[in-house]
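Q: Protein chains in written order, with the numbering used here: chain F, 4 to 195; chain U, 505 to 703; chain Z, 186 to 864.
Even glycine gets a Cβ: it sits at the ideal position worked out from N, Cα and C.
Dumping the structure here so I can ask a few things about it.
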């Protein structure tokens, strides 16, 4: 099974690199320093989780970046990271704009962060998780699992990527799965 | 008509093969145009020869909103020759054909058109299920001599049952399969006169 | 043949005539000193009127007439004293017949003459004698090779007098060796004016007049007009009983009196006269002097300011020499500018002591000042209290113009009023008030320290992630290393990377801690002065690493003049630190180039500091309220920074306000402090 991919967007290069080293045994970690760069990457690749520095300085703040990402990917979990702060309010507002969780860069971070990441990954759409688990059972994730009579075909991995990217296809798949599940629930064939 | 030249079309052909055997078993005369022969000229030739008779037209292969494809993707029927399916009951297991093409067929004299308004999806690991669903309509009309409308209903039910069974069988959920069944079922369309029947 | 010892005729020292020059010109170098000595001799001769006339002195060979109405010298006196070098006449008797203490100490009158002129005619008249004496001495004749000092003959005449009772001494100096220009004459006049006793309110028994036909404006009696120009004239008298009388007259003639008691009387009875002159640096004071112009007063003050001590009419140096601020008036002024203590450069003070009555005040062996014994300290204490009395009066007069009183001052004033209204005996009241003011001073000193610390605290808060971020990084790497060791996933290169990064982050933290600690060093907390230029540079340097990290460009524009302008380090640091802290916050959201600009310049009256950044800016509706305590737009702001700035600035009598932004956007603050509050 592949390691989950994490993208860190933080202008404190030092800290970001240290976080990468801290997490790399369990996750596949990339680091960027600017909001713009991060958004680019998310368009091009797919990630399982984002760590965004709330106090990002520069053209875009951490919250800006998060809001923008949420516009095209509603499913990806985002954890905001901040330096020590005294007042919670602005951070809470930021969280309400779509963050899954937040972590402070304090002395307990090395313990808290991995937990927060796991929680966030767990909290993802139950559908996705189920899907992910099932698709990961395929020995060769590149195996085609879906074909259409119009010439398209998809491998397990591809589907997973699309879902994680929350692309059109990914979105539709998710939505349809939800519909299916609902229907089955209605029919009493599946327990919710 | 069916032609196997790539995995999807191979699957389609396998469905077609089932239908062929059904027809054989009831001693019905039919023309099977398959493989390389499934080209425009052949199809057109045949259709023209039987233009005035009421028949069934079974197509298994690639399709788009405005066309049906034959061997190696050659366009065999499109909007301009929709009239060739005059007085035919069309059973089309292809993607998207029911959208524009199907409508054109009906407006040009086709009796009815049973097809899909979207991509027909299937999972290579579960081909039997999809074959059964895909052919359930044909089966009904051929063996049980139902109307197109009834066949349509039966097809829907077959998809439903397939989904239910799937859920019962495995506890993790074969999501892709379920998904595809779900979508295929929803894309199923019946255009034209549902009361028509093959016999 | 045996050699007999033969005694020859004894030899005497003979002196060549040129010795006159040695004793004259070459020992009395300064013409003005020489002339002053002659005047002092007249004083010592109990003259009540002395006239010094300058004729044709613009060129060489001019003439000076000194005429006094002193006792004069008889022929005998003249022969035995004036004409004899080395008499100890002066050492024996120090008091003139009329009771004056002699001030011509050197006894070099004759040589002063030699210094001044080539020829002198001395006319001496004694009361009751029918004739007057005329002696003509031609110093040129002493210059020749052959002349022996005691062989040169000087003509002597007896002349009939018009009035038998006339008495006096007249010196006619001709063939002057110097040119006496306006500067020299003014200088001479000034020297003389300091001889004239400053008893402006009492009758003078001694006057000096100067006649200068070539410079008509300078002719006239030597007067202490400068004393008459004082805005405040204080006379303080300390009696040996400990009673102190203060009397102050302001320029309008209004007199204030106060009586106090002190136990510090070891100095003996004292009289202290203090003349106070505003120098005209404050925008609000329209300074008009009566006879002199403001510039003339300033010029006089430049030469004559300070507190002088006169023992029996003659100066005890170095007290009152230019820039000799032996009472530390300037320091007091800086310490509490709103108390309106006078600057040393704007007062003329005369302390009168007497050899007889102030026995405790003893000269040091080098004759440069008095020994700083207990009596001397009592003297200082008396003077300080007197000056406080002056300052108090000034404060009372200037009530409307006072900067807002701190809470402490208001409370202290109230308590003082209470004390005064009690029935306690005066010494106890005085002591109580003194102690209270001591407490107030200590409190104000503390306030400055606390403000400084508060400012530091605020700034540390604002840049606290200079510590927390590196800490987080260090922890991450440490955890990573531990994990790698635990799981057995060794990668030497990663260990190396982690270790290096841990080290560099520790260095970062330590740099920052140095920055904070440096500001807390004891020696900075003491009330040190520093010049604006230096303090600004220091503070900016301290923040250097932080500016760099945040990509902030700093622009400093400083007037070199301000190298000489001083104020308390802690105060200016607090002001700068608070502005910087605010700018750091405001700039954190600025995209593009971040600029922090500080301009320091001065004009005639004030020093200006303009602090600008191109950050968030201040909305117009907030421009007043930002100086209120606890107003803040920051999540973790205390809201005290600008309030501290305002307090400090106002205590220096200055103003702080928001002005139109100097840069394209952002906020600009201007601080104006009147030069008179600074050094």
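Can you tell me where the beta strand (DSSP E) holding residue 440(Z) begins and where it ends?
A: 440 to 446
Q: Taking all protein chains shown into account, do 16 or more other C-beta atoms lie within 10 angstroms of the C-beta of residue 788(Z), making it buried, or fewer, making it exposed?
A: exposed
Q: In the DSSP assignment, the beta strand (DSSP E) including residue 797(Z) goes from what residue to what residue?
A: If you look at residue 797(Z), you'll find it in the beta strand (DSSP E) that goes 791 to 798.
Q: Could you name the residues of the same chain whose beta carbon sits closer than 8 Å to that of residue 543(U), not counting the 5 residues immediately before and after it, in chain order?
A: 574, 575, 578, 580
Q: Would residue 179(F) pass as an interface residue toward chain Z - the criterion being a Cβ-Cβ separation below 8 Å?
A: Among the CB atoms of chain Z, none fall inside 8 Å of the CB of residue 179(F).
Q: Taking C-alpha atoms, which residue in 528(U), 585(U), 627(U) lies nearest to residue 547(U)?
A: Looking at the Cα atoms, 585(U) is the closest of the given residues.
Q: Tell me whether residue 191(F) sits in a helix, a strand or coil according to DSSP, three-state version.
A: Coil at residue 191(F), not helix or strand.
Q: So for residue 433(Z), helix, strand or coil by DSSP?
A: strand
Q: Please work out which residues of its chain come closer than 6 Å, Cβ to Cβ, to residue 299(Z), disregarding the five sequence neighbours upstream and downstream, and give them in chain order.
A: These residues qualify, in order along the chain: 205, 209, 324.
Q: I need the DSSP call for residue 420(Z), collapsed to helix, strand or coil.
A: Of the three classes helix, strand and coil, the one that applies to residue 420(Z) here is strand, per DSSP.
Q: Would you report the Cα separation of residue 334(Z) and residue 221(Z), rounded to the nearest angstrom?
A: 25 Å
Q: For chain U, is any of its Cβ atoms less than 8 Å away from the one on residue 155(F)?
A: yes
Q: Can you find the residues in the same chain that come closer than 6 Å, C-beta to C-beta, to residue 145(F), ignoring five residues on each side of it along the sequence?
A: 158, 160
Q: Where does residue 329(Z) sit, in a helix, a strand or coil, going by DSSP?
A: coil
Q: Does residue 196(F) have its Cβ less than 8 Å from a Cβ in chain Z?
A: Nothing about residue 196(F) can be read from this structure; chain F reaches only from 4 to 195.
Q: On the DSSP bridge list, what partners appear for residue 201(Z)?
A: 333(Z)
Q: Anyone know if the C-beta pair for residue 850(Z) and residue 777(Z) falls short of 8 Å?
A: no
Q: Taking only beta carbons into account, state which residues of the region 566 to 583 of chain U come closer than 7 Å to chain F, listed in chain order.
A: Answer set for the region 566 to 583 of chain U: 566, 567, 568.
Q: Per DSSP, what kind of secondary structure is residue 564(Z) in: helix, strand or coil?
A: helix
Q: What three-state label does DSSP hand residue 350(Z) in the structure shown?
A: coil
Q: May I ask which residues mark the beginning and end of the beta strand (DSSP E) holding residue 562(U)?
A: For residue 562(U), the enclosing beta strand (DSSP E) stretches over residues 559 to 564.
Q: Name the residue from 834(Z), 813(Z), 833(Z) whose alpha carbon lies nearest to the alpha carbon of residue 825(Z).
A: 813(Z)
Q: Quick one: which residues of the region 107 to 135 of chain F get their C-beta closer than 7 Å to a C-beta of chain U? List them in chain order.
A: Result list: 133, 134.
Q: Thinking just about the alpha-carbon of each residue, which of 527(U), 650(U), 563(U) is nearest to the one in residue 538(U)?
A: 563(U)
Q: Could you check how far apart the C-beta atoms of residue 797(Z) and residue 852(Z) are, in whole angstroms? I think they sit under 8 Å.
A: 7 Å
Q: Can you tell me whether residue 651(Z) is buried or exposed, with buried defined as 16 or more other CB within 10 angstroms of its CB?
A: buried
Q: Please tell me whether residue 681(Z) has its Cβ less than 8 Å away from any Cβ of chain F.
A: no
Q: Report, in whole angstroms, the separation of the C-beta atoms of residue 505(U) and residue 565(U), which I expect to be a contact under 8 Å.
A: Yes, residue 505(U) and residue 565(U) are in contact; Cβ-Cβ is about 7 Å, under 8 Å.
Q: Is the beta carbon of residue 692(Z) closer than 8 Å to that of residue 792(Z)?
A: no
Q: Tell me whether residue 46(F) is buried or exposed, calling it buried when 16 or more other Cβ atoms sit within 10 Å of its Cβ.
A: exposed
Q: Determine the DSSP secondary structure at residue 154(F), reduced to helix, strand or coil.
A: coil
Q: For residue 38(F), go through chain Z and note every residue whose CB falls closer than 7 Å to its CB, in chain order.
A: Near residue 38(F) there are no residues of chain Z at all, since even the closest Cβ is about 11 Å away, more than 7 Å.
Q: Using 8 Å as the threshold, is the C-beta distance between residue 641(U) and residue 600(U) below it?
A: no
Q: Within 8 Å, do at least three Cβ pairs link the region 451 to 464 of chain Z to the region 521 to 536 of chain Z?
A: yes
Q: How is residue 302(Z) classed by DSSP in three states: helix, strand or coil?
A: strand
Q: Going by alpha carbons, who is nearest to residue 742(Z) out of 394(Z), 593(Z), 613(Z), 794(Z)?
A: Here the closest residue by C-alpha is 794(Z).
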